[in-house]
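Asker: Chains as they are written, first to last, in this note's numbering: chain A, 21 to 135; chain B, 34 to 142. Cβ atoms here follow ideal geometry from the backbone N, Cα and C, with glycine treated the same way.
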Amino acid sequence: NAGVTQTPKFQVLKTGQSMTLQCAQDMNHEYMSWYRQDPGMGLRLIHYSVGAGITDQGEVPNGYNVSRSTTEDFPLRLLSAAPSQTSVYFCASSPLAGASYNEQFFGPGTRLTVL
Amino acid sequence: GIQVEQSPPDLILQEGANSTLRCNFSDSVNNLQWFHQNPWGQLINLFYIPSGTKQNGRLSATTVATERYSLLYISSSQTTDSGVYFCAVDPQGAQKLVFGQGTRLTINP
Chain A
21 NAGVTQTPKF QVLKTGQSMT LQCAQDMNHE YMSWYRQDPG MGLRLIHYSV GAGITDQGEV
81 PNGYNVSRST TEDFPLRLLS AAPSQTSVYF CASSPLAGAS YNEQFFGPGT RLTVL
Chain B
34 GIQVEQSPPD LILQEGANST LRCNFSDSVN NLQWFHQNPW GQLINLFYIP SGTKQNGRLS
94 ATTVATERYS LLYISSSQTT DSGVYFCAVD PQGAQKLVFG QGTRLTINP
């Protein structure tokens, strides 16, 4: 298993540009989520999904859109990037049943800079 | 919302020393995880421990859910243990992890 994968690893955008951060998992986990980590801080939840077709907002959803068309993929879209969105973005997944119920596994992160 | 406090914020030790990191949380939780963020930024799962005690090599963790705290023990520290240790909790089983601010551990050779 590759676990949780994220692309790209690094990205530089100009203010106003749009882009999509990709996240995929091969563990057949129902739950997927996006977090951002700002310097010197813990992670904060942006959006999450408990299954294909179902998404909901987390603590800091403004400026981000998500969709979940398959179990494996959970892309995060920035429609009009702002400097305040400069951060490291982590994707996570977890099963909603079984021995590892609710244990979250994180991808390697995407470092985004908005100029 | 739930508050998660980690202490100490910074810890500097010599190789071979033992350490205890603490995580206090302000409400009942259905999930508690400890992570190690290495110097390259990768988040590594250490323990999934909503209650009880677990051990994995030189690391062990104890969560006392009724008293709303968890402890992470690192014995015989190595330089590769350096990084930031995060505690994260999920109140009410909503799969929404709330992270503490982390403890930055530096192990000097």
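In chain B, which residues lie with their C-beta within 8 angstroms of the C-beta of E123 of chain A?
Answerer: N64, Q66, N78 and Y81
Asker: Excluding five sequence neighbours on each side, which residues of the same chain lie with their C-beta closer than 7 angstroms to the C-beta of P41 of chain B?
Answerer: Closer than 7 angstroms at Cβ, skipping near neighbours: T136.
Asker: Within a Cβ cutoff of 7 angstroms, which residues of the same chain sit near Q77 of chain A, ignoring the five residues on either side of it in sequence?
Answerer: Leaving aside the five residues that flank Q77 of chain A on each side, the residues in its chain whose CB is nearer than 7 angstroms to its CB run, in chain order, H67.
Asker: So which residues of chain B does G68 of chain A contact, with C-beta pairs closer than 8 angstroms?
Answerer: The residue asked about is misnamed: residue 68 of chain A is Tyr in this sequence, not Gly. Going along chain B in sequence order, the residues near Y68 of chain A (Cβ under 8 angstroms) are Q128 and K129.
Asker: Short of 7 angstroms Cβ to Cβ, which residues in the segment 105–125 of chain B face chain A?
Answerer: F119 and D123
Asker: Starting from L116 of chain A, trace the beta strand (DSSP E) both ways and give me its first and last residue.
Answerer: Counting along the chain, L116 of chain A falls outside any beta strand (DSSP E), and DSSP gives it neither H nor E.
Asker: Within a Cβ cutoff of 6 angstroms, which residues of the same chain sit near D58 of chain A, ignoring the five residues on either side of it in sequence?
Answerer: S107
Asker: What's the C-alpha gap between V122 of chain B and L33 of chain A?
Answerer: 33 angstroms
Asker: Under a Cβ-count criterion, where at least 16 other Cβ atoms within 10 Å of its own Cβ denotes burial, should T96 of chain B be classed as buried or exposed?
Answerer: So T96 of chain B counts as buried.
Asker: Going along chain B, which residues have a C-beta under 7 angstroms from L63 of chain A?
Answerer: F132
Asker: Checking contacts by CB at 8 angstroms: is G71 of chain A closer than that to chain B?
Answerer: no
Asker: When you compare each of B:E100, B:F119, B:V131 and B:S110 to G49 of chain B by their alpha carbons, which one comes out closest?
Answerer: B:S110
Asker: Specify whether the segment 43–61 of chain B and the segment 89–107 of chain A touch according to this definition: at least 3 beta carbon pairs, one from each stretch, less than 8 angstroms apart.
Answerer: At 8 angstroms Cβ cutoff, the stretches do not touch.
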